[in-house]
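Peer 1: So the sequence shown is numbered by our numbering: it starts at 69 and just counts up by one.
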Amino acid sequence: MNRRITDHINGTLVTACVMGTTIVFSSQTIGSGGCNGGGSSIEIHVETPCCGSVYDARDSDVLIRSVVWDDGSEFDQFIYASDVTEVEYEGSNNRIRVITAHESDVGDPGVFNIQDEDGDGSNISSEDRDSFADRILNAWNHDNINAYIHNRSRDRFSCIVEYEETIRDNSPLQDDIGELIVFEVSGNSWVKIEAIDEDGSVMGNAVTIGNYQHVYPDRIYTRKYSNTGTPLCSSFEVFAVGLDLSELGVSEARRFRFSSAEQANGNGNLKPSIRVVGVRTSTVPTAAMVFD
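1. Please classify R343 as buried or exposed, where buried requires at least 16 neighbouring CB atoms within 10 angstroms.
2. Nearest CA to the CA of S341: which residue from G187, R348, F307 and D151?
3. Alpha carbon to alpha carbon, how far is N295 from E266? Give it in angstroms, no decimals.
4. Using only the alpha-carbon positions, how far apart do D129 and C119 sit?
5. Let me check one thing: in DSSP terms, what residues is N337 bridge-paired to?
6. Kindly provide the ranges of any alpha helix (DSSP H) runs that are 4 or more residues long and lie completely inside the segment 217-278, ordered along the chain.
7. Give the secondary structure of I213 by DSSP, where H, G and I count as helix, E and B as strand, and everything else as coil.
8. Excluding the 5 residues flanking S350 on each side, which residues of the same chain have their C-beta closer than 7 Å to its C-beta?
9. Pick out whichever of C227, N256 and I245 has its Cα sitting closest to the Cα of A263.
10. Cα separation between Q218 and Q242?
11. Find out if the Cβ-Cβ distance for the pair E185, D127 is shorter than 7 Å.
12. Quick test of the definition: if touching needs 3 or more C-beta pairs under 8 Å, does the segment 319-326 touch the segment 198-211?
13. Which of the three DSSP states is assigned to N181 in this structure?
14. Does DSSP put Y123 in a helix, a strand or coil?
15. Spell out a yes or no on whether the segment 194-208 and the segment 151-160 are touching, meaning 3 or more CB-CB pairs, one atom from each, closer than 8 Å.
16. Looking only at C-alpha atoms, which of V174, D173, V179 and G175 sits nearest to I45?
17. Beta strand (DSSP E) containing E115: first to last residue?
18. Using the C-alpha atoms, what's the distance from R220 back to L311?
19. Residues in the same chain with beta-carbon distance under 6 Å from E156, minus the five sequence neighbours each way, listed in chain order, please.
20. Out of curiosity, what's the CA-to-CA distance linking V345 and G297?
21. Suppose the cutoff is 7 Å on Cβ atoms and the five residues either side in sequence are ignored; what does the same chain contact list for D144 look like?
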């Protein structure tokens, strides 16, 4: 049995076992997200067409180009969102918005509050939520990672994101190669991730992510915006972490639900401001995973 997955199971799952090339998991929620050795930084290379400095690009395009995992493997092919559905949010106005840096050429630049989508702005309607799904898609369907959901509410938020192709694990065992990169503004909020099948049912187990890392060789920043969308003088640092699909108890998936965590560990909070990118680590289906 692989030593890394043994340690992981002893710490959290305790009911998983390996039989040949098939992994059997019982469905449980685990807190994790520690590709790249769980250290303090993750190596992600970006291009900033506007500027020689990544910091100076906080108002503009920050285009993801490659990720290097802790074992030295480098991947430069990414998988982006192709559809967003089932946006759920019952909180206050001005607390959930989509932001794409205002000087971006890639994506739909601007600050878009959920309650404004139906043209009313006084409350959050079903039409607001449906149109907000398109706002999320416009922020997540390209390589500009300076585009994200900005969440300032402790009320539950969730959405289902379908990617442009199936995301496949490179190995049926847990390793340091992530198939998802979760970017989080400020790196201090927990997000729950679930793989979803075509019928809308959860596959495998949910994972709660919160152990974010600084991006290197250049840290990434994004501009702060007022409630009305005006650029402010200060900035947020954007953190990231890789997630191995094995942690979700699946070998492949195309649809995922991203939602506020039910509770946070340590100093984390429940207001995740996220952008999630898939990584093409494999084009061949891995060994089957069977669930209890």
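All residues carry an ideal CB built from backbone N, CA and C; glycine is no exception. What you are looking at is a predicted structure, and each value in this text was computed from that prediction instead of being measured.
Peer 2: Working from what's here:
1. By the neighbour-count criterion, in which 16 or more other beta carbons inside 10 Å mark a residue as buried, R343 falls on the buried side.
2. For the residues G187, R348, F307 and D151, the minimum Cα distance to S341 belongs to F307.
3. The alpha-carbon atoms of E266 and N295 are separated by roughly 37 Å.
4. One C-alpha to the other measures close to 9 Å.
5. Answer is S257, bridged to N337.
6. If one requires a minimum length of 4 residues, no alpha helix (DSSP H) run lies completely within the segment 217-278.
7. Residue state, collapsed to three classes: coil.
8. By the criterion of a C-beta distance shorter than 7 Å, S350 is surrounded in its chain by R236, D237 and N238, once the five residues flanking it on both sides are discounted.
9. Out of C227, N256 and I245, C227 has the C-alpha closest to the C-alpha of A263.
10. Residue 218 is actually His in this sequence, not Gln. Rounded to whole angstroms, H218 to Q242 spans 30 Å at the Cα level.
11. Taking 7 Å as the cut-off, the Cβ atoms of E185 and D127 do not count as close.
12. Remark: fewer than three beta-carbon pairs, one from each stretch, lie closer than 8 Å, so the segment 319-326 and the segment 198-211 are not flagged as touching.
13. Strand, per DSSP.
14. In this structure, DSSP gives Y123 a helical state, which the three-state scheme calls helix.
15. Touching, yes, given that three or more Cβ pairs across the two stretches are closer than 8 Å.
16. One cannot answer for residue 45 here, as it falls past the ends of the chain, which runs 69 to 360.
17. Taken as a continuous stretch (DSSP letters only), the beta strand (DSSP E) holding E115 covers S109 to E115.
18. Cα-Cα distance, rounded: 24 Å.
19. Only S226 meet the Cβ criterion.
20. Rounded to whole angstroms, V345 to G297 spans 25 Å at the Cα level.
21. Excluding positions up to five away in sequence, the list reads R133 and S134.
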